[in-house]
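Step one of this worksheet: look at the structure below.
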Amino acid sequence: MSTFAKNEAPASRSWKSLALLPALVAAALLLTPEIGRADPPIDQVYNVYCAQCHGLKRNGTGVNLPGLSVRPRDHTDSKGMGDTPDDELFKAIKDGGLAVNKSVLMPTWGAVLSDKQITEMVKYLRTVCHCGK
Amino acid sequence: MKYKLPLATAVLTVALLSGAHAADKLDASCASCHALTKPTDTSLDRLMSRKGPDLWYAGSKFNADWLVAWLQDPKPIRPAGYPYFKTTMEGSDHDVVDPSKITPHPKLAKAAAESAAAALMALKAPDLVPSGTFKGDTAGARMGALSFTKLRGCITCHQGENGQGGFSGPELTNAGARLQPDFIAAYTIDPQHFDPHIWMPTLNLKDQDIQRITAYLSVQGRGDKK
């Protein structure tokens, strides 16, 4: 009993500190919402950015096709994609079509996708075309 | 010392709620699809799950007259729906819009539209859309048309003059009636600054291009179009 009485004040302070923890955790989560979040799977990233022109079938038939003067690359084309090295695909995605002597209609995605995502995208494209370089 | 944490919490709360006052004047249903205050979650997950474009900077984006008219007769702004990656499906020749996945925007009566437009116009973001980003020189509009349709490829996703162009981005056939010129310029410079992860690329355009494209777009759909 006497031990309990002796510890009462520090224990009370400790409980008060614990009560503040949820508020601190909530504040931390609000300020750093992306911490601990994994990027969505790369095929979903393709659907957000690439599919508007390259299409859900990945063969260059996106919803924007009717308005385009140049047909987007068919990512299922084993021959054409197989002839394109990884570093050229990376450069086309990051710096746009003009950087690899292709159409200006392929924009630069370097400000939207990280180098890591672009590297993953190149790997993903290899699974789409069933080809490698 | 013992007041530091409550003080920090209060400061955080005030910061998070700043801008909320104007948003409070809007019908609560608006917030079910649109962010009316700056979102703290800037992840791609959020972008992929949201139902409508963010409106927390609406007062620095839209023209009030257009808002009042549109809220009474809300025709789709994005031909492929919003977001396009949830409203399109495979078609025989190319992906097409799935009309069953497009939810019509609620139509407001005149008084409600005027009230909502006034509340939206109070949602200003001067740091995001600095006044004078478009320098006002409309002489470059013809070159801007060329940039839009050919040289910079904007037409890939956006419909410009005469409704020619792509479907995944908002149509810009009436950009001048709908949008403030400073917004057109600031957003084109860096779309991700407004909307992290948004599917409009940053093209790293030179200021001359930005000015010309803005000059072209800012007269689209206006009665005084030259």
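Same order as they appear, the protein sequences are chains A and B. First residue of the first sequence: 1, per my numbering; consecutive thereafter. First residue of the second sequence: 1001, per my numbering; consecutive thereafter. For glycine and all other residues, C-beta sits at the position ideal for the given N, C-alpha and C.
- Within chain B, partners of D43/A - CB distance below 8 Å: As a first step, residue 43/A must be located in the first sequence, where it is residue number 43. By Cβ distance, chain B contributes nothing, its closest Cβ being about 12 Å from D43/A, past 8 Å.
- Which same chain residues, not among the five before or five after D39/A, have their C-beta less than 6 Å away from its C-beta? In the first sequence, the residue the question calls residue 39/A occupies position 39. In its own chain, leaving out the 5 sequence neighbours on each side, no residue places its CB closer than 6 Å to the CB of D39/A.
- Task: Confirm, please, whether the CB-CB distance from F1148/B to P1079/B is below 7 Å.
- Result: Locating residue 1079/B in the second sequence gives position 79, counting from the first residue. Locating residue 1148/B in the second sequence gives position 148, counting from the first residue. No. Outside cutoff.
- Task: Could you tell me whether the segment 54-63 of chain A touches the segment 1089-1100 of chain B, using the rule of 3 or more Cβ pairs below 8 Å?
- Result: Touching, yes, given that three or more Cβ pairs across the two stretches are closer than 8 Å.
- Message: As a quick exercise: from P1130/B, Q1159/B, A1141/B, A1109/B, pick the residue whose alpha carbon is nearest that of I1213/B.
- Response: For the purposes of this step, residue 1213/B is taken as residue 213 along the second sequence, with counting starting at 1. Per the Cα distances, A1141/B.
- Message: Using a Cβ-Cβ cutoff of less than 7 Å, which residues in the same chain neighbour T1156/B once the five nearest sequence positions on both sides are dropped?
- Response: Along the second sequence, read from residue 1 onward, the residue named residue 1156/B stands at position 156. Leaving aside the five residues that flank T1156/B on each side, the residues in its chain whose CB is nearer than 7 Å to its CB run, in chain order, G1166.
- Please report how far the alpha carbon of E1090/B lies from the alpha carbon of D1137/B, in whole angstroms. Counting from one through the second sequence, the residue named residue 1090/B turns up at place 90. Counting from one through the second sequence, the residue named residue 1137/B turns up at place 137. Approximately 43 Å between the Cα atoms of the pair.
- For N64/A, does the count of other Cβ atoms within 10 angstroms reach 16, so buried, or fall short, so exposed? Here residue 64/A refers to the residue found at position 64 when the first sequence is read from its first residue. N64/A comes out buried.
- Task: Starting from the Cα of K94/A, find the closest Cα among M81/A, P85/A, A111/A and give me that residue.
- Result: Here residue 94/A refers to the residue found at position 94 when the first sequence is read from its first residue. The candidate whose alpha carbon is nearest that of K94/A is A111/A.
- Have a look at the DSSP bridge pairing and note the partners of Q1180/B. Position 180 of the second sequence, counted from the first residue, corresponds to residue 1180/B. Within the DSSP secondary-structure output, Q1180/B pairs in no beta bridge.
- Message: Assuming L944/B and A1022/B are in contact, meaning their beta carbons sit under 8 Å apart, how far apart are those beta carbons, in whole angstroms?
- Response: Lying outside 1001 to 1226, the shown extent of chain B, residue 944/B is not represented and no answer is given.
- Task: Determine the DSSP secondary structure at G82/A, reduced to helix, strand or coil.
- Result: Stepping through the first sequence from its first residue, residue 82/A is reached at position 82. In the structure shown, G82/A sits in a helix (DSSP, three-state: H, G or I).
- Between the segment 1203-1210 of chain B and the segment 1176-1195 of chain B, do three or more beta carbon pairs fall short of 8 Å? Enough Cβ pairs lie closer than 8 Å, so yes.
- Whose Cβ in chain A lies nearer than 7 Å to the Cβ of Y1084/B? The residue labelled residue 1084/B in the question sits at position 84 within the second sequence. Neighbours of Y1084/B on chain A, chain order: Q52, V63.
- Query: Which residues in chain A sit within 7 Å of G1153/B, going by Cβ to Cβ distance?
  - Reply: Taking the second sequence and counting its residues from 1, the one referred to as residue 1153/B is at position 153. Those within 7 Å of G1153/B in chain A are V104, L105, P107.
- Burial state of L1146/B (16 or more Cβ within 10 Å): To locate residue 1146/B, count along the second sequence from 1; it is residue 146. The residue in question, L1146/B, is exposed, as its Cβ has fewer than 16 Cβ neighbours within 10 Å.
- Message: Our contact map puts E1171/B next to Q1159/B with C-beta atoms below 8 Å; I'd like the distance itself, whole angstroms only.
- Response: Mapped onto the second sequence, residue 1171/B falls at position 171. Mapped onto the second sequence, residue 1159/B falls at position 159. In this structure E1171/B is in contact with Q1159/B, their Cβ atoms being roughly 4 Å apart against a cut-off of 8 Å.
- Query: Where do the N-terminal and C-terminal ends of the alpha helix (DSSP H) with I1213/B fall, by residue?
  - Reply: Reading the second sequence from its first residue, position 213 is the one you call residue 1213/B. It spans 1207-1217 - the alpha helix (DSSP H) in which I1213/B sits, taken as one unbroken run.
- Given that a residue counts as buried once 16 or more other Cβ atoms are within 10 Å of its Cβ, and exposed if not, what is Q117/A? Here residue 117/A corresponds to residue number 117 of the first sequence, with the count starting at 1. It counts as buried.
- Item | Contacts that C1157/B makes with chain A (C-beta to C-beta distance below 7 Å) | For the purposes of this step, residue 1157/B is taken as the residue at position 157 of the second sequence. Proximity of chain A to C1157/B at the Cβ level (cut-off 7 Å) is accounted for by Q52, N64, in chain order.
- Message: Using C-beta distances below 7 Å, list every residue in its chain close to K1110/B, excluding the 5 sequence neighbours before and after it, in chain order.
- Response: Numbered from 1 along the second sequence, position 110 holds the residue referred to as residue 1110/B. Non-local C-beta neighbours of K1110/B in its own chain, meaning closer than 7 Å and more than five positions away in sequence, comprise Q1072, ordered along the chain.
- Query: Where does Q52/A fall in DSSP's three states?
  - Reply: Residue numbering aside, residue 52/A sits at position 52 when the first sequence is read from its first letter. If DSSP states are grouped into helix, strand and coil, Q52/A belongs with the helices.
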